[in-house]
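Peer 1: Just dropping this structure here.
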Amino acid sequence: MEGEDADEASLWQRLRDVLRGRLSTQVYATWVSQMHCVQDDGSVLGIGLPNLFTLDWINNHYKAVLEEELAKLSAARLELRLLDASQGDGPAPEPEPVSSRPSRIVVPSKAAALTAGPRAMASQRPQPASAAPSSPPTQGAEPLSLNRRYTFSSFVTGPSNELASAAAHTVSERPGTAYNPLFIFGRVGLGKTHLLQAIGHAILKKNPSARVLYQTTETFVNDVIQGIRFNRMDEVRRVYRACDVLLIDDIQFIAGKETCQEEFFHTFNSHHDQRRQVVVTSDKLPHEIKDLEERVRSRFQWGLVVDLQPPELETRIAILRKKADSDGIPLADDVAMFIAQSVRSNVRELEGCLIRLSAYASLQGQPITIALAKNVLKDVMPPKSQVLTCDVIVKAVAAHFDVKVADLKSTRRGKTIALPRQIAMYLCRKHTGSSYPEIGQALGGKDHTTALNAFNRIKERLDEPEVRRHVDEVERALLD
Ligand code: ADP
Ligand code: MG
21 MEGEDADEAS
31 LWQRLRDVLR
41 GRLSTQVYAT
51 WVSQMHCVQD
61 DGSVLGIGLP
71 NLFTLDWINN
81 HYKAVLEEEL
91 AKLSAARLEL
101 RLLDASQGDG
111 PAPEPEPVSS
121 RPSRIVVPSK
131 AAALTAGPRA
141 MASQRPQPAS
151 AAPSSPPTQG
161 AEPLSLNRRY
171 TFSSFVTGPS
181 NELASAAAHT
191 VSERPGTAYN
201 PLFIFGRVGL
211 GKTHLLQAIG
221 HAILKKNPSA
231 RVLYQTTETF
241 VNDVIQGIRF
251 NRMDEVRRVY
261 RACDVLLIDD
271 IQFIAGKETC
281 QEEFFHTFNS
291 HHDQRRQVVV
301 TSDKLPHEIK
311 DLEERVRSRF
321 QWGLVVDLQP
331 PELETRIAIL
341 RKKADSDGIP
351 LADDVAMFIA
361 QSVRSNVREL
371 EGCLIRLSAY
381 ASLQGQPITI
391 ALAKNVLKDV
401 MPPKSQVLTC
411 DVIVKAVAAH
421 FDVKVADLKS
431 TRRGKTIALP
441 RQIAMYLCRK
451 HTGSSYPEIG
461 QALGGKDHTT
471 ALNAFNRIKE
481 RLDEPEVRRH
491 VDEVERALLD
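For the sequence shown, the numbering used here begins at 21 and goes up steadily by one.
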């Protein structure tokens, strides 16, 4: 749109001003300066970009920020349209010169928004690949890419996640030197993204000039595809390599994507060689990810692999308490216990139940009681028969090992029965909150110290693949 700069109050002008304040100088210079308004008719704000590459990049990484700020600026609901101006929407402006300093935080993620950004991606002239890791930081804004809530202080630690949590703390205290890479494994909704971002927050808190890049594998894959398509792989590489800490979420999505694996491999090596921290999360263990090149797999195993298990009852209650406190939801102990007993395998669902219950209570103007919880959450509650008791667990263990319940409850010794019995005791403790005397009772009247020892023994042996596999499989049968 010609003359948009002359109109001080134009929507685009105001949006640009807001972006100037919100984004780092570099991101602004690199990306926003390439945008110009091509349509502003009260229902659509059209932004022209100089080429398809820039259009794609902005679509993938910055559109969410643009939309968010646009929504704040205009009372009416406006559609934001990004257009390739090289296709006939008028000449694109010359990009503003780009400073040679690297960004403080490189966050080319749509979901994540950004603080600083992939300056090099937009630059029309080649930049030196050595992006000067020790250069001074830019005056970037807060790292919007990281969810504010995903910090260590909001992460509840219990036996199910204490190793992963401790490793994450260590890595954030000594990035690049403790475990590199750190591989965080766990099923969906168990806190992988939370822990990964908590590492980023903690590193930035200690060293605000650290360049932390949090990225989903999906966007990484997309960036590589776009880089190849537009012959800009050098620039993509620069973005992923010019950071001090690389946090990649859900790496299992790289399976089967050979070129992306190749890129990841070299990116990883580059970080590792320079003792820069890499942390990845996955819902599968390295050896379970199919179609993963051996050399990439072996890189994952160089460092430390830690896992997140479904939280035990006490941890689930503590998570509910913490969430209720931070959201100001009045949650009585009996209701917390009721929800925690009903939702067992996924923290996201656990939180979802609390939010649903709280919304319902406030809409109805009712207090949150067990009766209300039963009513509101009946769809997500497991049928009565699936409520976990020691008996249910003992039966499931017997079925898994193909032994008789009576044998588990007997005094018979021998390996074939001792391990299943210990696992049954371990799982009873973990999932029912029963006391050791109660567990001993459920296993045929054993002493409470037998139950206690069994619990500790299995806990210690969880890093043995065989023991872990049995525990996982019984849990899967019980919880899914
Ligand atoms: P994943 O990435 O493993 O699928 P997320 O990290 O997205 O899981 O976690 C799902 C939700 O559960 C998030 O809101 C997260 O804050 C919460 N959550 C998971 N584990 C914990 C925990 N131990 N303490 C507090 N909140 C947790
Ligand atoms: Mg996640």
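Just so you know, even glycine gets a beta-carbon here, dropped at the ideal spot from N, CA and C.
1. At a cut-off of 7 Å, is residue 429 close to the ligand MG when judged by its beta-carbon and the heavy atoms of the ligand?
2. Output yes or no for whether 8 Å exceeds the beta carbon distance between residue 387 and residue 381.
3. Assign residue 225 to one of two classes, buried (16 or more other C-beta atoms within 10 Å of its C-beta) or exposed (fewer than that).
4. Out of 439, 332, 37, point me to the one whose CA is closest to residue 450's CA.
5. Using 7 Å as the cut-off, classify the Cβ of residue 214 as near or not near the heavy atoms of the ligand ADP, replying yes or no.
6. Excluding five sequence neighbours on each side, which residues of the same chain lie with their C-beta closer than 8 Å to the C-beta of residue 96?
7. Apart from the five residues on each side of it in sequence, which residues of its chain come closer than 7 Å, Cβ to Cβ, to residue 389?
8. Could you pull out every residue in the same chain whose Cβ sits closer than 6 Å to the Cβ of residue 86, ignoring the five residues on either side in sequence?
9. Identify whether residue 65 lies in helix, strand or coil by the three-state DSSP scheme.
10. Cutting at 7 Å between CB atoms, please list the residues of its own chain near residue 78, excluding the five before and the five after it.
11. Give the list of continuous beta strand (DSSP E) stretches no shorter than 3 residues that lie fully inside the segment 213–240.
12. Find out if the Cβ-Cβ distance for the pair residue 183, residue 326 is shorter than 8 Å.
13. When DSSP builds the beta bridges, which residues end up paired with residue 301?
14. Assuming residue 360 and residue 337 are in contact, meaning their beta carbons sit under 8 Å apart, how far apart are those beta carbons, in whole angstroms?
15. Just to check, is the beta-carbon of residue 60 closer than 7 Å to a non-hydrogen atom of the ligand MG?
16. Can you list, in chain order, the stretches of the alpha helix (DSSP H) that have 4 or more residues and sit fully within the segment 454–483?
17. So is the beta-carbon of residue 269 under 7 Å away from any non-hydrogen atom of the ligand MG?
18. Report the three-state DSSP secondary structure of residue 33 (helix, strand or coil).
19. What is the DSSP secondary structure of residue 59, counted as helix, strand or coil?
20. Under the three-state reduction of DSSP, which class applies to residue 327: helix, strand or coil?
21. Using the C-alpha atoms, what's the distance from residue 104 back to residue 31?
22. Quick check on residue 244: does DSSP put it in helix, strand or coil?
23. Whose C-beta lies closer than 6 Å to the C-beta of residue 471 among residues of the same chain, with five residues either side of it excluded?
24. Give a single yes or no on whether residue 382 has its beta carbon closer than 7 Å to a heavy atom of the ligand ADP.
25. Which whole-angstrom value is the C-beta distance of residue 38 and residue 93, which I expect to be below 8 Å?
26. Count the other CB atoms within 10 Å of the CB of residue 307; is the residue buried (16 or more) or exposed (fewer)?
27. Please state the DSSP three-state secondary structure of residue 439.
28. Which residue wins for smallest C-alpha separation from residue 300, given the options 72, 287, 268?
29. Could you tell me the alpha carbon to alpha carbon distance between residue 91 and residue 67, rounded to whole angstroms?
30. Suppose you measure from the CA of residue 56 to the CA of residue 399; what does that come to, to the nearest Å?
31. So is the beta-carbon of residue 169 under 7 Å away from any non-hydrogen atom of the ligand ADP?
32. Please report how far the alpha carbon of residue 358 lies from the alpha carbon of residue 481, in whole angstroms.
33. What three-state label does DSSP hand residue 411 in the structure shown?
34. In chain order, what residues of the same chain lie with their CB nearer than 7 Å to the CB of residue 207, ignoring the 5 residues before and after it?
35. Mapping the DSSP letters down to three states, classify residue 268 as helix, strand or coil.
36. Apply the 10 Å Cβ neighbour rule to residue 311 and answer buried if 16 or more other Cβ atoms are within range, or exposed otherwise.
Peer 2: This is what the structure holds:
1. Here residue 429 refers to the residue found at position 409 of the sequence shown. Not so, every heavy atom of the ligand MG lies at least 7 Å from the Cβ.
2. Along the sequence shown, read from residue 1 onward, the residue named residue 387 stands at position 367. Along the sequence shown, read from residue 1 onward, the residue named residue 381 stands at position 361. Contact: yes.
3. In the sequence shown, residue 225 corresponds to position 205, counting from 1. That one is exposed.
4. Working through the sequence shown from its first residue, we reach residue 450 at position 430. The residue with the shortest Cα to Cα distance from residue 450 is 332.
5. The sequence position of residue 214 within the sequence shown is 194, counting from 1. Result yes, Cβ under 7 Å from the ligand ADP.
6. Within the sequence shown, numbered from 1, the residue matching residue 96 stands at position 76. Around residue 96: 62, 63.
7. What you label residue 389 is simply residue 369 of the sequence shown in a count that begins at 1. If we look at residue 389 and ignore the five residues flanking it on each side, its Cβ neighbours are 355.
8. As a working mapping, residue 86 is identified with position 66 in the sequence shown. Same-chain partners within the cutoff: 100.
9. Position 45 of the sequence shown, counted from the start, is the residue given in the question as residue 65. The answer is strand: DSSP assigns residue 65 an E or B state.
10. Your numbering for residue 78 matches position 58 in the sequence shown. The answer, listed in chain order, is 51, 69, 102.
11. 232–236
12. Residue mapping note: residue 183 aligns to position 163 of the sequence shown, counting from 1. Residue mapping note: residue 326 aligns to position 306 of the sequence shown, counting from 1. Cβ distance < 8 Å, so residue 183 and residue 326 count as in contact.
13. Here residue 301 corresponds to residue number 281 of the sequence shown, with the count starting at 1. DSSP, once it has assigned bridges, lists 204 as partnering residue 301.
14. Stepping through the sequence shown from its first residue, residue 360 is reached at position 340. Stepping through the sequence shown from its first residue, residue 337 is reached at position 317. Sure, about 5 Å apart at Cβ, within 8 Å.
15. Here residue 60 refers to the residue found at position 40 when the sequence shown is read from its first residue. No - the ligand MG has no heavy atom lying nearer than 7 Å to the Cβ of residue 60.
16. Within the segment 454–483, complete alpha helix (DSSP H) segments of at least 4 residues are found at 456–462, 468–481, given in chain order.
17. Translated into positions along the sequence shown, residue 269 becomes position 249. Flag set: Cβ of residue 269 near the ligand MG.
18. In the sequence shown, residue 33 corresponds to position 13, counting from 1. Correct three-state label for residue 33: helix.
19. Residue mapping note: residue 59 aligns to position 39 of the sequence shown, counting from 1. Note: residue 59 maps to strand in three-state DSSP.
20. For the purposes of this step, residue 327 is identified with residue 307 of the sequence shown, where counting begins at 1. Of the three classes helix, strand and coil, the one that applies to residue 327 here is strand, per DSSP.
21. The residue you call residue 31 lines up with position 11 of the sequence shown. The residue you call residue 104 lines up with position 84 of the sequence shown. Taking the straight line from one Cα to the other gives about 20 Å.
22. Mapped onto the sequence shown, residue 244 falls at position 224. Taken through DSSP and simplified to helix, strand or coil, residue 244 comes out as helix.
23. As a first step, residue 471 must be located in the sequence shown, where it is residue number 451. Once the five neighbours on either side are set aside, the close Cβ partners of residue 471 are 445, 456, 459, 460.
24. Along the sequence shown, one-based indexing puts residue 382 at 362. Because no heavy atom of the ligand ADP lies under 7 Å away, the Cβ of residue 382 does not count as near it: no.
25. As a first step, residue 38 is located in the sequence shown; it is residue number 18 there, counting from the start. As a first step, residue 93 is located in the sequence shown; it is residue number 73 there, counting from the start. So it is a contact: roughly 7 Å between Cβ atoms.
26. Working through the sequence shown from its first residue, we reach residue 307 at position 287. Residue 307 comes out exposed.
27. Taking the sequence shown and counting its residues from 1, the one referred to as residue 439 is at position 419. Here residue 439 sits in helix by DSSP.
28. As a first step, residue 300 must be located in the sequence shown, where it is residue number 280. Ranking the options by Cα distance to residue 300, first place goes to 268.
29. Locating residue 91 in the sequence shown gives position 71, where the first residue counts as 1. Locating residue 67 in the sequence shown gives position 47, where the first residue counts as 1. Approximately 15 Å, taken between the alpha carbons.
30. Translated into the one-based positions of the sequence shown, residue 56 becomes position 36. Translated into the one-based positions of the sequence shown, residue 399 becomes position 379. Taking the straight line joining both Cα atoms gives about 50 Å.
31. In the sequence shown, the residue the question calls residue 169 occupies position 149. Correct: residue 169 has its Cβ closer than 7 Å to the ligand ADP.
32. Numbered from 1 along the sequence shown, position 338 holds the residue referred to as residue 358. Numbered from 1 along the sequence shown, position 461 holds the residue referred to as residue 481. Going from the Cα of residue 358 to the Cα of residue 481 covers about 31 Å.
33. On the sequence shown, residue 411 is found 391 positions in, with the first residue counted as 1. In this structure, residue 411 counts as helix in the three-state DSSP scheme.
34. Taking the sequence shown and counting its residues from 1, one reaches residue 207 at position 187. Excluding sequence positions up to five before and after residue 207, its CB lies within less than 7 Å of the CB of 303, all in the same chain and listed in chain order.
35. By 1-based counting over the sequence shown, the position of residue 268 is 248. It is a strand residue.
36. Start at 1 with the first residue of the sequence shown, and residue 311 comes out as number 291. Residue 311 is exposed by the Cβ-count criterion.
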